Each structure stands twice: as structure tokens, then as C-alpha cells.
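A.B. asks: Below is a structure I'd like to ask you about.
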Amino acid sequence: MNDQRNMILAVVLSVVILLGSQFYFDGTRPPPPPPDATPATEAQVPGSAGTSGSAPAPAPATTGEAQIPTLPGSQLPTTPGTAGRTDVLAAQPRIKILSSRLHGSVSLVGGRFDDLTLARYHETLDTASPEIILMSPQGAKNPYFADFGWVGGPGVTAPSGTTLWTADSDTLTPEKPVTLTWDNGKGLRFIRTLALDPNYMFTVTQRVENIGTEPATLHPYGLISRHGTPEVTGFVILHEGPLGVFDGQLKEVDYDDEELQKKDGVRQSTTGGWIGITDKYWLAALVPDQSENVNTRFIHFREGTLDKYQADFLGRPLAVAPGASIESTNRFFAGAKEVKLLDGYETELGISRFDLAIDFGWFYFLTKPIFYALIYINDHLGNFGVSILLLTVLIKIVFFPLANKSYRAMSKMKKLQPEMVKLRERFGEDKARLNQEMMGLYKREKANPASGCLPMVVQIPVFFALYKVLFVTIEMRHTPFFGWIKDLSAKDPTTIINLFGLLPYSPPDFIPAAVNIGVWPLIMGITMFLQQKLNPQPPDPIQAKVFMFLPIFFTFILAQFPAGLVIYWAWNNTLSILQQWVIMRRAGVSPGGGVKKT
Numbered sequence: 019m020n021d022q023r024n025m026i027l028a029v030v031l032s033v034v035i036l037l038g039s040q041f042y043f044d045g046t047r048p049p050p051p052p053p054d055a056t057p058a059t060e061a062q063v064p065g066s067a068g069t070s071g072s073a074p075a076p077a078p079a080t081t082g083e084a085q086i087p088t089l090p091g092s093q094l095p096t097t098p099g100t101a102g103r104t105d106v107l108a109a110q111p112r113i114k115i116l117s118s119r120l121h122g123s124v125s126l127v128g129g130r131f132d133d134l135t136l137a138r139y140h141e142t143l144d145t146a147s148p149e150i151i152l153m154s155p156q157g158a159k160n161p162y163f164a165d166f167g168w169v170g171g172p173g174v175t176a177p178s179g180t181t182l183w184t185a186d187s188d189t190l191t192p193e194k195p196v197t198l199t200w201d202n203g204k205g206l207r208f209i210r211t212l213a214l215d216p217n218y219m220f221t222v223t224q225r226v227e228n229i230g231t232e233p234a235t236l237h238p239y240g241l242i243s244r245h246g247t248p249e250v251t252g253f254v255i256l257h258e259g260p261l262g263v264f265d266g267q268l269k270e271v272d273y274d275d276e277e278l279q280k281k282d283g284v285r286q287s288t289t290g291g292w293i294g295i296t297d298k299y300w301l302a303a304l305v306p307d308q309s310e311n312v313n314t315r316f317i318h319f320r321e322g323t324l325d326k327y328q329a330d331f332l333g334r335p336l337a338v339a340p341g342a343s344i345e346s347t348n349r350f351f352a353g354a355k356e357v358k359l360l361d362g363y364e365t366e367l368g369i370s371r372f373d374l375a376i377d378f379g380w381f382y383f384l385t386k387p388i389f390y391a392l393i394y395i396n397d398h399l400g401n402f403g404v405s406i407l408l409l410t411v412l413i414k415i416v417f418f419p420l421a422n423k424s425y426r427a428m429s430k431m432k433k434l435q436p437e438m439v440k441l442r443e444r445f446g447e448d449k450a451r452l453n454q455e456m457m458g459l460y461k462r463e464k465a466n467p468a469s470g471c472l473p474m475v476v477q478i479p480v481f482f483a484l485y486k487v488l489f490v491t492i493e494m495r496h497t498p499f500f501g502w503i504k505d506l507s508a509k510d511p512t513t514i515i516n517l518f519g520l521l522p523y524s525p526p527d528f529i530p531a532a533v534n535i536g537v538w539p540l541i542m543g544i545t546m547f548l549q550q551k552l553n554p555q556p557p558d559p560i561q562a563k564v565f566m567f568l569p570i571f572f573t574f575i576l577a578q579f580p581a582g583l584v585i586y587w588a589w590n591n592t593l594s595i596l597q598q599w600v601i602m603r604r605a606g607v608s609p610g611g612g613v614k615k616t
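If you read the sequence shown in the numbering used here, its first letter stands for residue 19, the second for the next number, and so on.
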């Protein structure tokens with residue numbers, strides 16, 4: 019195999035790793051345990067049944083086994099809600115949530131977290147634009163809420179989604195918790211205390227007091243319910259949907275996953291960990307008591323025209339005797355996936371691997387340190403774009419020996435290129451003789467075609483890790499660079515269609531997005547072309563055309579990628595060009611081709 023084929027192999031391998039690793043590793047994860055893996059005498063995570071439009075109910079236990087409890091129904095409509103969010107919120111009594119990072123309210127009907135917006139994150143670059151809406155109430159478009167409560171045994175009346183609670187305050191703040199109470203009129207008093215930290219973590223402490231004469235048994239539960247399939251970014255390197263950590267292992271389930279469509283959903287028993295639903299930047303997660311064993315579940319079902327996705331957990335049964343009380347404490351995270359914050363919760367609250375809510379990918383051991391290095395640099399420079407440039411330089415320094423070896427090998431191959439062309443002209447019809455003469459030439463000149471691409475292959479994991487950092491971390495969202503780049507997480511806003519803003523009109527809607535190429539993608543394409551010209555050119559015309567096409571191909575592809583990624587790629591190419599040019603000059607090879615005259 020000659021040097022050009024090795025180079026093509028390196029390019030193909032890069033693309034395969036970049037775009038295919040998620041598919042492969044998702045497919046090789048072990049399947050979840052079957053529904054009957056948990057003994058029938060233990061409480062199972064149930065279906066969310068309702069009085070109208072109920073979900074498929076779990077099959078009852080067989081004779082002699084404990085009956086599987088059922089969570090209170092969410093009373094789903096058979097069609098999506100059409101009422102305005104503001105109108106729905108105004109129709110119920112509520113406790114106002116007020117902190118520096120969260121705004122919203124808790125409904126006293128059902129006691130649900132169904133109205134949360136992120137105070138520091140806005141829909142657009144304009145800080146006057148609406149705050150990001152994370153949770154929405156049932157009855158509005160695309161309801162998304164969290165609920166905690168108790169599942170009662172036979173004859174036990176527990177709070178439901180229609181229960182009207184009484185609150186001791188009308189405002190919940192980080193300094194002031196709120197306590198809700200409800201009496202079922204049958205000897206049980208339910209008390210729920212809601213507390214909020216300065217960031218995005220709620221603590222829900224539930225207590226049941228038995229003021230009657232009969233004992234009772236109840237299971238604590240928590241659920242996150244999302245109605246409607248959300249719009250996702252569609253990139254295979256980023257997971258969006260149900261996920262959680264169970265017994266220290268990450269489990270990710272896509273919205274269209276076949277496992278999720280099963281009647282019993284995806285079930286898992288765990289001690290410690292968490293379960294929730296994630297978007298690219300936002301997370302809603304239930305955090306059960308880390309010392310308690312709970313049964314968890316992801317499930318999807320359709321109610322009329324409405325899809326519903328649910329992540330829930332069910333705790334062990336707790337018995338409360340007359341005159342006694344029981345208590346269960348769990349947590350609910352609703353906010354931005356800031357890695358330092360998630361790491362802090364993991365340390366302070368003992369939440370197992372909470373940072374995995376951020377999709378750091380298979381190269382986690384590289385991605386996370388690179389991210390912290392980028393944050394450290396940004397803390398000192400104050401510009402995320404400049405921090406990307408400096409980090410790229412530092413990575414180049416680390417890989418300087420490998421890159422030098424690669425570029426020296428390429429320079430030697432380019433120096434031999436005239437001889438290789440002559441051999442192809444002489445023995446082009448005799449492939450066996452041509453390969454023999456090529457190997458002889460490599461041996462005489464001590465050249466190894468593979469030595470030029472193997473060092474590059476070693477650097478692929480680092481490139482992929484940096485790529486993931488720039489793509490998935492919220493810290494790059496709405497962060498400016500210089501000039502026209504106001505948001506490093508969005509594509510370059512300029513377009514060649516109107517000469518990058520020189521012409522006073524916007525591109526027509528019928529023009530494909532891929533054609534709207536901005537300035538930075540063009541810069542990246544040019545640097546890629548220049549770097550390619552420094553490499554040994556393929557003697558085979560077909561291979562040469564393929565390599566000529568690659569810069570054009572990547573220019574169109576990267577035109578839709580976040581500007582931060584494109585800037586990084588262009589800068590990385592520029593540094594590589596400078597390094598390779600110097601090495602070629604020292605090796606006596608003209609960067610324009612051929613041997614340098616002396």
C-alpha cells in the first residue's frame with residue numbers, strides 16, 4: 019500500500035471515528051435486564067395510569083405475589099394542549115419560585131414543578147429576549163413537569179395530580195423553603211417540604227403522619243413527564259432524550275429507541291445514581307436518596323395524537339403505624355448542564371457520576387480535562403474564542419514531536435515524488451513490478467509511507483475530544499469572538515449569497531442552507547487546501563481528484579457547524595501549515611513541489 023492510500027485511510031478513519039463511534043458504542047452497550055429480573059415481591063416501577071387517556075397498566079402480579087402499585091395518573095388529554103402557557107398558569111393557585119438562576123412556580127394543584135425558566139439563559143443573544151423555558155404545565159403546548167408523591171397500598175388514599183395542597187408561604191427562595199400539607203380525611207396527613215439551593219437543585223422532603231387507627235404502607239416515587247417529541251439537533255455525537263446513571267453505569271435511550279416502545283419500557287433497579295431527560299444544554303433529573311434501592315423506568319406511549327415520555331423511580335414500601343410517621347427525601351435538578359456545577363453536586367451530595375449528563379463521549383478521559391483546561395484559560399483571558407486558539411497552540415506543542423515525525427516523513431515522500439512518477443511511467447502496466455520498484459525505492463531512501471500518517475492517527479482521539487468540548491458544552495453558547503461572530507455555538511452568520519452582507523438583502527428561503535457559506539468556513543477551506551498542497555501529491559489521477567475535492571467537501575459540511583469549531587479547525591490548519599513549511603524547507607524540499615535548489 020503506497021503513501022497516498024495510507025493517507026486516505028487516515029482521513030477515512032478520522033471520519034469513521036468522528037461520526038460513527040456513537041453508533042457503534044451505543045450498539046455494543048449491554049441490554050437492560052428483562053422486566054422479570056426483579057423479584058415479583060419487590061415493588062416495580064409502574065405505568066402512569068389516569069382516569070382518562072391512561073397509559074398501559076402493568077400486568078397484575080400472579081396469585082400469592084404482591085400487587086404491583088400504580089402511580090397517580092397525569093390525566094392526559096387525547097390531543098395536545100392548545101391553551102396559552104400564561105393562561106394555564108394563571109388558572110391555578112401557585113407558589114412563586116424566585117432565585118438568581120430560576121424563575122417560575124409550583125402548582126398547588128398536584129404540587130408539581132411545572133413552571134420553570136432559566137434566569138441567566140435567554141432564547142437569543144438579546145438579554146431582553148424571553149428566558150429559556152424548561153418546564154411547562156399540563157394543558158399548555160408540550161407539557162413538561164416533575165412530580166413527587168406516594169403510592170398507597172389497598173385502601174390507602176394518597177395525593178394525586180388533582181390534590182389541592184395548602185402552603186405555609188406563597189414564595190419559594192433559596193433562603194426560604196415552603197411546606198405543603200394535605201389531609202386525606204382517612205387518618206393520614208401528608209407533609210411536603212420544598213427547598214431550593216442557589217443554583218438548580220430542589221430538595222423534596224416528604225413525610226406521612228398516621229393520625230388514625232390503622233397502619234398503612236406507601237411507596238415514595240418521583241417522575242418527570244414530557245409530552246410531545248422535542249426537536250433535537252440531530253447530530254449522532256450528541257445524545258438528547260432519556261438518560262441516567264444506574265449502579266455507576268450510564269444508560270442513554272433515544273426518543274425513537276425500540277426499547278422505549280416496549281409495554282414495560284426500560285427498567286433498572288439501582289442504589290445511587292439519577293434518572294432524567296436531557297436536551298443539548300438543559301437537564302431535568304430525579305435524584306433519589308443515594309443510600310436507598312429504587313426501581314427506575316423509562317417509558318413512552320401515545321395518547322391519541324400525543325406522545326408522552328416518562329422517567330420515574332419507585333422506592334421501597336414504608337410502613338407507618340398509628341401515631342408514627344415515615345419520611346423520604348429526594349432531589350430534583352432542573353437547569354443548565356454546567357460541568358463545574360454538576361461536579362460540585364457529585365462531590366457535595368454524593369450523586370454518582372452526575373457529570374455524565376454532559377455527553378463527553380467515548381473519549382471522556384480526554385474530553386473532560388481538555389474542557390477544564392479551556393475553562394481555566396478563559397478565566398484568565400476573558401474571551402472564549404481566544405481561549406480556543408491558545409488551547410490549540412498548547413495541544414500543538416504537546417504533539418510537536420509526533421507532528422515533526424509525520425511532516426518529516428511527508429517531506430521525504432514529497433522529495434521522492436519525481437522518482438515515483440518516473441517508476442509509474444515505466445511500469446504502470448505491470449502492477450507487481452511497479453510495487454516491487456516502489457518498495458526498493460523506499461528501502462534505498464529509508465522512507466516509510468506509513469510513518470507519515472500513523473502519528474496523525476494517534477492525534478485523532480485528542481481532536482475528537484476537543485471537537486466534543488466545543489460542540490456540547492454550554493459555556494460556548496451565546497459567547498462572542500471578534501467581529502461578526504457573536505455566538506460561537508451558532509454557525510457563521512455571514513453568507514456568500516449576499517457577498518457577506520455587502521449587498522442589502524437576505525438570502526431567499528428557497529436557497530439550501532448548505533450553500534449559505536460564511537467567511538470562516540471559506541477560510542477553513544482555503545487553509546485545508548493549502549495544507550493539502552504541502553503534502554505529497556498522489557501520482558494516481560483519480561486519487562488526486564479525490565484529494566482536490568476534500569477541501570470543498572469539508573467547506574460545505576462545516577458551514578453548518580458552530581463557528582467555534584470552524585475557527586478551531588482553520589487555526590489548527592494554519593499552525594500545521596507553518597510547521598510543515600519550516601520542516602520541508604529544512605529537508606531541502608520546495609513547499610511548492612519538487613526538490614529545493616541549492
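The beta carbon of each residue, even a glycine, is placed where N, CA and C say it ideally should be. The structure displayed is predicted, hence computed values, not measured ones.
Let me know if Gly-82 comes out buried or exposed under the rule of 16 or more other beta-carbons within 10 Å of its beta-carbon.
C.D. replies: With a pLDDT of only 30 at Gly-82, under 50, the local geometry of the prediction cannot be trusted, and the value read off the model is given with reservation. It counts as exposed.
A.B. asks: In terms of alpha-carbon separation, which member of Ala-577, Asn-313 and Thr-365 lies closest to Thr-512?
C.D. replies: Nearest option by C-alpha distance: Ala-577.
A.B. asks: If you reduce the DSSP assignment to three classes, tell me which class Ser-424 lands in.
C.D. replies: Helix at Ser-424.
A.B. asks: If you count every other CB in all the chains shown that lies within 10 Å of the CB of Gly-203, and 16 or more means buried, which is it?
C.D. replies: Under this definition Gly-203 is an exposed residue.
A.B. asks: Can the beta-carbon of Tyr-162 be found closer than 9 Å to that of Glu-149?
C.D. replies: Contact: no.
A.B. asks: Grab the span of the alpha helix (DSSP H) containing His-140 for me, first residue to last.
C.D. replies: Looking at the DSSP string, His-140 is not in any alpha helix (DSSP H); the run it does join, the beta strand (DSSP E), is 131-140.
A.B. asks: Report the residue ranges of all alpha helix (DSSP H) runs contained in full by the stretch 378-451; include only those spanning at least 4 residues, in chain order.
C.D. replies: As far as the stretch 378-451 is concerned, its whole alpha helix (DSSP H) runs of at least 4 residues are 382-399, 402-416, 418-433 and 435-445.
A.B. asks: For Asn-228 versus Ser-346, is the C-beta distance shorter than 9 Å?
C.D. replies: No.
A.B. asks: Going by the beta-carbon positions, is the gap between Asp-373 and Leu-143 smaller than 9 Å?
C.D. replies: Against a cut-off of 9 Å, the Cβ pair of Leu-143 and Asp-373 comes out as no contact.
A.B. asks: Compare the beta carbon distance of Trp-168 and Pro-238 with 9 Å and say whether it is the shorter of the two.
C.D. replies: Closer than 9 Å, so yes.
A.B. asks: Could you have a look at Ser-594 and say whether DSSP puts it in helix, strand or coil?
C.D. replies: Looking at Ser-594 - three-state DSSP - the assignment turns out to be helix.
A.B. asks: For Leu-488, name the three-state secondary structure that DSSP assigns.
C.D. replies: Reduced to three states, the DSSP call for Leu-488 is helix.
A.B. asks: Considering only the alpha carbon of each residue, which of Leu-420, Pro-177, Asp-133 and Asp-448 lies closest to Leu-236?
C.D. replies: If we check each option's Cα against that of Leu-236, Pro-177 comes out closest.
A.B. asks: Which residue wins for smallest C-alpha separation from Phe-378, given the options Tyr-363, Lys-355, Asn-396 and Ile-369?
C.D. replies: Nearest option by C-alpha distance: Lys-355.
A.B. asks: Whole beta strand (DSSP E) runs in the stretch 270-349 with 3 or more residues, listed along the chain?
C.D. replies: If we require 3 residues or more, the beta strand (DSSP E) runs fully inside the stretch 270-349 come out as 284-289, 291-296, 300-305, 311-321, 324-332 and 336-338.
A.B. asks: Please name the residue, chosen from Gln-561, Leu-568 and Leu-434, that lies closest to Met-617 on a Cα-to-Cα basis.
C.D. replies: With the chain covering only 19 through 616, there is no way to say anything about residue 617.
A.B. asks: Pick from Gly-171, Arg-210 and Thr-191: whose alpha carbon is nearest that of Ala-185?
C.D. replies: Among Gly-171, Arg-210 and Thr-191, the Cα nearest to that of Ala-185 belongs to Arg-210.
A.B. asks: Tell me whether Ala-79 sits in a helix, a strand or coil according to DSSP, three-state version.
C.D. replies: Residue placement at Ala-79 is flagged as unreliable, the pLDDT there being 32, under the threshold of 50; the coordinate-derived value follows with that caveat. DSSP places Ala-79 in coil when its eight states are reduced to three.
A.B. asks: Let me check understanding here. Comparing Cα to Cα, which of Glu-193, Arg-426, Phe-489 and Trp-538 lies closest to Ile-501?
C.D. replies: The sequence as given places Gly at residue 501; Ile does not occur at that position. Answer by Cα proximity: Trp-538.
A.B. asks: Please return the same chain residues whose Cβ sits closer than 8 Å to the Cβ of Val-411, not counting the five positions on each side in sequence.
C.D. replies: Within the same chain, Val-411 has close Cβ partners Leu-593.
A.B. asks: Measure the alpha-carbon distance for Leu-596 versus Met-602 and round it to whole angstroms.
C.D. replies: C-alpha separation (whole angstroms): 10 Å.
A.B. asks: With H, G and I counted as helix, E and B as strand and the rest as coil, what does DSSP make of Val-537?
C.D. replies: Note: Val-537 maps to helix in three-state DSSP.
A.B. asks: Given this structure, state the Cα-to-Cα distance separating Ala-644 from Met-542, to the nearest angstrom.
C.D. replies: Outside the shown range of the chain, which is 19 to 616, sits residue 644, and nothing can be said about it.
A.B. asks: Taking the alpha-carbon of Arg-294 as reference, which of Val-271, Phe-253, Glu-310 and Glu-277 has the nearest alpha-carbon?
C.D. replies: Sequence check: residue 294 is Gly here, not Arg. For Gly-294, the nearest C-alpha among the options comes from Val-271.
A.B. asks: Name the two residues that bound the continuous alpha helix (DSSP H) containing Val-250.
C.D. replies: Here Val-250 belongs to no alpha helix (DSSP H), and DSSP marks it neither H nor E.
A.B. asks: Tell me the rounded alpha-carbon separation between Ile-115 and Glu-321.
C.D. replies: Those two C-alpha atoms are separated by around 31 Å.
A.B. asks: Where does Gln-224 sit, in a helix, a strand or coil, going by DSSP?
C.D. replies: In this structure, Gln-224 counts as strand in the three-state DSSP scheme.
A.B. asks: Using the Cα positions of Gln-598 and Lys-414, report the straight-line distance between them to the nearest angstrom.
C.D. replies: The alpha-carbon atoms of Gln-598 and Lys-414 are separated by roughly 12 Å.
A.B. asks: Hey, could you find the ends of the alpha helix (DSSP H) Arg-103 is sitting in?
C.D. replies: Element bounds for Arg-103: 103-108.
A.B. asks: Would you mind sorting Thr-296 into buried or exposed? The rule is 16 or more other CB atoms within 10 Å of its CB.
C.D. replies: That one is buried.
A.B. asks: Would Gly-333 pass as a contact of Asp-307 if the rule is Cβ separation under 9 Å?
C.D. replies: Their beta carbons are under 9 Å apart, which means Gly-333 touches Asp-307 by this criterion.
A.B. asks: Taking just the CA atoms, how far does Gly-129 sit from Ser-314?
C.D. replies: Per the sequence shown, residue 314 should be read as Thr rather than Ser. Rounded to the nearest angstrom, the two C-alpha atoms are 21 Å apart.
A.B. asks: Which word fits Tyr-299, buried or exposed, when buried means at least 16 other C-beta atoms lie within 10 angstroms of its C-beta?
C.D. replies: Tyr-299 comes out buried.
A.B. asks: Between which two residues does the alpha helix (DSSP H) harbouring Lys-358 extend?
C.D. replies: 357-367 is the extent of the alpha helix (DSSP H) around Lys-358.
A.B. asks: Report yes if the CB atom of Tyr-390 is closer than 9 Å to the CB atom of Val-357, and no otherwise.
C.D. replies: Against a cut-off of 9 Å, the Cβ pair of Val-357 and Tyr-390 comes out as a contact.
A.B. asks: By DSSP, does Pro-53 sit in helix, in strand, or in coil?
C.D. replies: Residue confidence for Pro-53 is low, a pLDDT of 34 falling below 50, so the modelled location carries little weight; the figure read from the coordinates is stated next. Note: Pro-53 maps to helix in three-state DSSP.
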